[in-house]
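**Student:**
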Amino acid sequence: MNHVIALDVGGTAIKAALVAPDHRLLHEARRPTGRERGPEAVVSGILDFAAELRELGRQRYGRPAEAAGVAVPGIVDDEAGTAVYAANLGWRDVPLRDLLSVRLDGTPVALGHDVRTGGLAEGRVGAGRGADRFLFVPLGTGIAGAIGIDGRIEKGAHGYAGEIGHISVRPGGPECGCGGRGCLETLASASAVSRAWAAASGDPDADAADCAKAVESGDPRAREVWREAVDALADGLVTALTLLDPKTLIIGGGLAEAGETLFAPLRAAVERRVTFQKLPLIVPAALGDTAGCLGAGLLAWDLLAAQQPTTPTEVSA
Numbered sequence: 001m002n003h004v005i006a007l008d009v010g011g012t013a014i015k016a017a018l019v020a021p022d023h024r025l026l027h028e029a030r031r032p033t034g035r036e037r038g039p040e041a042v043v044s045g046i047l048d049f050a051a052e053l054r055e056l057g058r059q060r061y062g063r064p065a066e067a068a069g070v071a072v073p074g075i076v077d078d079e080a081g082t083a084v085y086a087a088n089l090g091w092r093d094v095p096l097r098d099l100l101s102v103r104l105d106g107t108p109v110a111l112g113h114d115v116r117t118g119g120l121a122e123g124r125v126g127a128g129r130g131a132d133r134f135l136f137v138p139l140g141t142g143i144a145g146a147i148g149i150d151g152r153i154e155k156g157a158h159g160y161a162g163e164i165g166h167i168s169v170r171p172g173g174p175e176c177g178c179g180g181r182g183c184l185e186t187l188a189s190a191s192a193v194s195r196a197w198a199a200a201s202g203d204p205d206a207d208a209a210d211c212a213k214a215v216e217s218g219d220p221r222a223r224e225v226w227r228e229a230v231d232a233l234a235d236g237l238v239t240a241l242t243l244l245d246p247k248t249l250i251i252g253g254g255l256a257e258a259g260e261t262l263f264a265p266l267r268a269a270v271e272r273r274v275t276f277q278k279l280p281l282i283v284p285a286a287l288g289d290t291a292g293c294l295g296a297g298l299l300a301w302d303l304l305a306a307q308q309p310t311t312p313t314e315v316s317a
């Protein structure tokens, strides 16, 4: 069985898989990143995990993986194969692609940004399948975006395309980790809703999922927290769709797990704000937390396809 190794590195856990050419996940596993032991330990854990998967593939299918793909958070230079910076992992300028290739005995390795990689999977085999232009926005600890155009994900000139979470929707609002104020992710991410609901409810352990349940039960405090988050999100999304004109807007991440408690008011809020713009389909992500591994697998298969020699076209005399 031909297969590739896929790794999705998050702030707290590494998800991994062996992925078939038809995108089936042949084997799935996960383990903690070990970030409390420092960035060197995180990198070591990634390399060890990949090596174990390579050996598993060899034993199970009689051959090693043909390539590997890895998705990481933060700032990524995928052309150089470098994990430039990730605040939640503490690393800087890690040549992860080369380190993995050496550890995997020369296996080709592709490196990508976690949100863009998840967007690649949603576009190819998930909720954006068939859409020539889409925007994938996961609402988690922060907010980022992946811009899908004709089957590829736009990186931009400097690798920052899609950073919708840092659009200022409330100028002068809460300070953001990026240094700005009133950024979308300070108001509408799952972590922002968790903070707001913990303060409003007086329960320091309350989170966004608890807020959604309270909204469904009719709690007026929860409804106000939710309304403010949805309004901020709609403002950011309308700015994005005005610039990008996507056919489909895919919302994922932890906040999207609230289902229609999120999507019904969000669709209405976006519709109220559009004027000349065409209203896109607003749909939930389809792949859940497998998107990162599926996307990393796609990176690996795409890398192999790009390395295939082309056959010269015969020219008749």
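Our numbering numbers the first residue of the sequence shown as 1 and each following residue consecutively.
No residue lacks a Cβ here, since even glycine has one placed at the ideal position from N, Cα and C.
A quick note: this is a predicted structure, and the numbers were derived from the prediction, not measured.
Enumerated in chain order, which unbroken segments of the beta strand (DSSP E) with a length of 3 residues or greater are wholly contained in the stretch 148-179?
**Tutor:** Counting only runs of 3 or more, we get 152-154.
**Student:** List the DSSP bridge partners of Arg30.
**Tutor:** Beta-bridge pairing links Arg30 to Lys15.
**Student:** Can you pull the DSSP bridge partners for Ile46?
**Tutor:** Answer is none; Ile46 lacks a bridge partner.
**Student:** Secondary structure at Phe134, three-state DSSP: helix, strand or coil?
**Tutor:** Residue state, collapsed to three classes: strand.
**Student:** Do Ala16 and the ligand FAD come close, with the Cβ less than 8 Å from some heavy atom?
**Tutor:** In the structure shown, the ligand FAD is absent, as is every other ligand, since no ligand is present at all.
**Student:** Using the three-state DSSP reduction, which class does Arg129 fall into: helix, strand or coil?
**Tutor:** Three-state result, Arg129: coil.
**Student:** Helix, strand or coil, according to DSSP, for Asp231 in the structure here?
**Tutor:** It is helical.
**Student:** Could one say the Cβ of Ala196 lies closer than 9 Å to chain B's Cβ atoms, at least one of them?
**Tutor:** Protein chains in the displayed structure number just one, and chain B is not present.
**Student:** Checking the sheet assignment: what are the DSSP bridge partners for Arg181?
**Tutor:** According to DSSP, which records beta bridges pairwise, Arg181 is partnered with Glu175.
**Student:** For Ile14, which residues in the same chain have their Cβ closer than 8 Å to its Cβ, ignoring the five residues on either side in sequence?
**Tutor:** So the list reads Leu7, Asp8, Arg30, Arg31, Pro32, Thr33, Gly45, Ile46 and Phe49, once near-sequence residues are dropped.
**Student:** Would Ala222 pass as a contact of Ser201 if the rule is Cβ separation under 9 Å?
**Tutor:** Yes, these two residues count as a Cβ contact at 9 Å.
**Student:** Pick out whichever of Ile282, Glu216 and Ala51 has its Cα sitting closest to the Cα of Gly106.
**Tutor:** Comparing Cα positions, the closest option is Ala51.
**Student:** Span of the alpha helix (DSSP H) holding Ala264?
**Tutor:** Here the alpha helix (DSSP H) through Ala264 covers Glu260 to Arg273.
**Student:** Buried or exposed: where does Thr82 fall if 16 or more other Cβ atoms within 10 Å of its Cβ makes it buried?
**Tutor:** Thr82 should be labelled buried.
**Student:** Quick check on the DSSP output: the beta strand (DSSP E) that includes Ala110 runs from which residue to which?
**Tutor:** It spans Val109 to His113 - the beta strand (DSSP E) in which Ala110 sits, taken as one unbroken run.
**Student:** For Ala87, is the classification buried or exposed, using 16 other Cβ atoms within 10 angstroms of its Cβ as the cut-off for buried?
**Tutor:** So Ala87 ends up on the exposed side.
**Student:** In whole angstroms, give me the CA-to-CA distance for Glu228 and Gly173.
**Tutor:** Taking the straight line from one Cα to the other gives about 13 Å.
**Student:** Provide the residue span of the alpha helix (DSSP H) that contains Leu304, from first to last.
**Tutor:** Leu304 -> alpha helix (DSSP H) spans Ala291 to Gln307.
**Student:** Pick out whichever of Gly130, Tyr85, Ala240 and Leu139 has its Cα sitting closest to the Cα of Val193.
**Tutor:** Per the Cα distances, Leu139.
**Student:** Within the same chain, show all residues whose beta-carbon is closer than 8 Å to that of Glu271, passing over the 5 residues directly before and after it, in chain order.
**Tutor:** These residues qualify, in order along the chain: Leu279.
**Student:** In the DSSP output, what is Arg92 paired with across the bridge?
**Tutor:** According to DSSP, Arg92 bridges with Tyr85.
**Student:** Report yes or no: do three or more beta-carbon pairs, one from the stretch 59-72 and one from the stretch 111-129, lie closer than 8 Å?
**Tutor:** At 8 Å Cβ cutoff, the stretches touch.
**Student:** Check the C-beta distance from Ser168 over to Gly182 and give it rounded, since I have them as a contact under 8 Å.
**Tutor:** About 5 Å separates the two Cβ atoms, so the contact holds.
**Student:** Specify, as a first and last residue, the run of the beta strand (DSSP E) that Asp77 falls within.
**Tutor:** Ile75 to Asp77 is the span of the beta strand (DSSP E), which, as asked, contains Asp77.
**Student:** Beta carbon of Ala121, beta carbon of Gly295: below 9 Å?
**Tutor:** Yes, the Cβ-Cβ distance between Ala121 and Gly295 is below 9 Å.
**Student:** For Pro246, I'd like the list of residues in its chain whose CB is within less than 7 Å of its CB, leaving aside the five on either flank, ordered along the chain.
**Tutor:** The residues are Arg133, Phe134, Leu135 and Pro280.
**Student:** If you follow the beta strand (DSSP E) that Asp8 is in, where does it begin and where does it stop?
**Tutor:** From DSSP, the beta strand (DSSP E) with Asp8 extends over Val4 to Val9.
**Student:** Throw me the rounded Cβ distance for the Met1 and Ala17 pair, which I believe falls under 8 Å.
**Tutor:** Not quite, the Cβ-Cβ distance comes to about 13 Å (not below 8 Å), so this is no contact.
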